[in-house]
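J.: The structure is given below, and queries will be raised subsequently.
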Amino acid sequence: MPYYRAVGEIPRKRHVQFRRPDGGLYAEELMGEEGFTSDSSLLYHRHAPTAITKSEGVRDGPADGAALTPNHPLQPRAYRTQDLPEGGDAVLGRQVLFGNDDVTLSFVAADSTSELYRNSAGAEVVYVQSGRARVETTYGALDVGEGDYVVIPTGTIHRWVLPERGGGASLNALVIEARGHIRPPKRYLSQYGQFLEHAPYSERDLRGPSEPLLVDGGEVPVLVRNRNGLSRLTYLRHPFDVVGWDGYLYPYVFNINDFEPIVKRTHAPPPVHQTFEGPGFVICSFCPRPLDFDDQAVPIPYNHHNVDSDEMMFYVAGDYSARKGSGIGIGSISLHPSGFTHGPQPGAVEAVVEAARQGHDRTTEMAVMIDTFRPLRLGAAARRCEDPEYAWTWARTSGQREGDG
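Shown next, in the form of structure tokens:
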């Protein structure tokens, strides 16, 4: 994280004696990235965070990449996440859509609370499309809802707590699991880590834990993922026994509605929408904004080919006039791989130019995009909800797909 926070009780100096009311010492835990040469935080536990009483292997799902297949023969693809089944929790209920050696992308429609979980293979970003949850962590709790990016650093013990159903909706979310750390783009930060004035969001837009949870229980299992797979460790004491912490490393939330779009006179390329970066991929937010305002502007994406990336777009709200006639709607995902030029549907350019001439000067589109620098392979969930006709929609000259209204 690019700025410092202190929560709960901490001693005056690092690594000095810090005693409990009964005279015993609190147990200090340093959580640090990149061999303790990057961001870190110090946590103070009532009990030793090292004591485990059991370890057992857990049969892993397709998140290990074994069930991923190449996008071959090469073609653009589209998927309907709304057709995927509901069920499970926000960890074990993940349905893998795509993946490569850098990142796994899954969809979840959770209807139950997860067990305690620690991903030690990399950081996670969970984009909440709909529903609500309370994310309980070693650092404290975060209440999350629609439009929230939930950023969970590598190694953070946490669980997703869903409200009692009572007829309520499930938690629908896109899960981005990195093989490393996820951070704001370096170009948004000063050399000391402060968000710069040109950045599309700032420290004020980020929500972090504000107080410890202070759970002081006995033995509890924690599901742990590392590079060897999935295990379940039983801890002698509950890991949420933290009385305080400070540092730059902690889970936080950023809502997509707080992203400030960058606007030009003519259409701007995708890097202006970048929100986070990870090893081998970037995350972008496409948000409502004024349309390009030059008198001769074509206020719609031009045909483009990112020769180094696969582009995955998750359409979460608004109206995507550029894709009218393609079958794309809210909840859809498109996958445009390297080796394929993509752009507006036939007839969309003329329609948008005419709409701008008549005074339509804003776009309501909202989407989350992940560009990966290695090819994305296809998971079982993608195969279950694919639209088999999508690849051919650019060849239709009417600008409208058969069956579309």
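Sequence positions in the sequence shown follow full-length UniProt numbering and run 1 to 405. Cβ atoms here follow ideal geometry from the backbone N, Cα and C, with glycine treated the same way.
1. Going by C-alpha to C-alpha distance, which of H305, E33, Y315 and D295 sits closest to A356?
2. With a CB to CB cut of under 6 Å and the five nearest residues on each side skipped, what residues in its chain are close to L267?
3. Over the uninterrupted beta strand (DSSP E) stretch that includes V220, give me the two end residues.
4. Which whole-angstrom value describes the C-beta separation of F276 and V144, a residue pair presumed to lie in contact below a C-beta threshold of 8 Å?
5. Can we count R237 as close to the ligand NAD, meaning its CB is less than 7 Å from some heavy atom?
6. Within 10 angstroms of its Cβ, does residue 491 collect 16 or more other Cβ (buried), or is it exposed?
7. In this structure, does DSSP put Q82 in helix, strand or coil?
8. Compute the distance between the beta-carbons of D205 and A6, then report whether it is under 8 Å.
9. Going by DSSP, what residue range makes up the beta strand (DSSP E) through R232?
10. When the Cα atoms are used, what is the spatial distance from Q9 to E115?
11. Between the beta-carbon of F254 and the beta-carbon of H273, is there less than 8 Å?
12. From residue 440 to T104, what distance separates their C-alpha atoms?
13. Hey, quick one: how far does the alpha helix (DSSP H) through A391 stretch, first residue to last?
14. Run the CB neighbour count on Y302, radius 10 Å, all protein chains shown included, and call it buried at 16 or more, exposed below.
15. Return the residue from the list Q358, S120 and Y79 that minimises the CA-CA distance to M31.
16. Do the segment 71 to 79 and the segment 352 to 370 touch if we need at least three Cβ pairs shorter than 8 Å?
17. Within this structure, are the beta carbons of A67 and G379 separated by less than 8 Å?
18. Bridge partners of E177, per DSSP?
19. Suppose you measure from the CA of P11 to the CA of S106; what does that come to, to the nearest Å?
20. Three or more beta-carbon pairs under 8 Å between the segment 124 to 142 and the segment 192 to 201, yes or no?
21. For the alpha helix (DSSP H) containing E354, name the first residue and the last one.
22. In whole angstroms, give me the CA-to-CA distance for W392 and S309.
23. Determine the direct distance from the alpha carbon of I256 to that of Y149, and round the result to whole angstroms.
24. Give me whichever residues DSSP pairs with Y44 in a beta bridge.
25. Could you check what DSSP says for R5 in three-state terms: helix, strand or coil?
26. Does H72 pass the burial test, meaning 16 or more other C-beta atoms within 10 Å, or should it be called exposed?
27. Any chance the segment 19 to 39 sits against the segment 209 to 229, with 3 or more Cβ pairs inside 8 Å?
28. Take the Cβ of T50 as the centre, count every other Cβ of all protein chains shown within 10 Å, and call the residue buried at 16 or more, exposed below.
29. For the UniProt domain "Homogentisate 1,2-dioxygenase C-terminal" (281 to 395), list the alpha helix (DSSP H) runs that are entirely contained and at least 4 residues long, ordered along the chain.
30. Kindly indicate the opening and closing residues of the beta strand (DSSP E) around Y117.
31. Please list, in chain order, all residues of the same chain as M313 whose beta carbon is under 6 Å from its beta carbon, the five residues on each side excluded.
32. Can you tell me where the beta strand (DSSP E) with E164 in it begins and where it stops?
33. Could you give the distance in angstroms between the alpha-carbon of V243 and the alpha-carbon of D22?
34. When we look at the beta-carbon of K324 and count the other beta-carbons within 10 Å, is it buried (16 or more) or exposed?
35. Is the segment 168 to 187 touching the segment 229 to 240, taking contact as three or more C-beta pairs under 8 Å?
36. Of the choices A123, S170, V224 and Q17, whose alpha-carbon is the least far from that of R278?
T.: In brief:
1. D295
2. In the sequence on display, residue 267 carries His and not Leu. Excluding positions up to five away in sequence, the list reads D292.
3. V220 to N226
4. So it is not a contact: roughly 16 Å between Cβ atoms.
5. Annotation note on the ligand NAD: not contained in the displayed structure, which lists no ligands.
6. Because the chain is modelled from 1 through 405, residue 491 falls outside the range shown and cannot be assessed.
7. helix
8. no
9. G229 to Y235
10. According to the sequence shown, residue 9 is Glu rather than Gln. The straight-line gap from Cα to Cα measures roughly 27 Å.
11. no
12. Nothing about residue 440 can be reported from this structure: the residues present for the chain run from 1 to 405 only.
13. Note, A391: premise wrong, no alpha helix (DSSP H); not H, not E.
14. exposed
15. S120
16. no
17. yes
18. T104 and E124
19. 41 Å
20. no
21. A348 to R357
22. 21 Å
23. 7 Å
24. E28 and G244
25. strand
26. exposed
27. no
28. exposed
29. 348 to 357 and 380 to 384
30. Y117 to N119
31. S334, A367 and M369
32. It is not in any beta strand (DSSP E) - E164 carries neither H nor E in the DSSP assignment.
33. 14 Å
34. buried
35. no
36. Reading off the sequence shown, one finds Gly at residue 278, where the question assumed Arg. The shortest C-alpha separation from G278 is found at A123.
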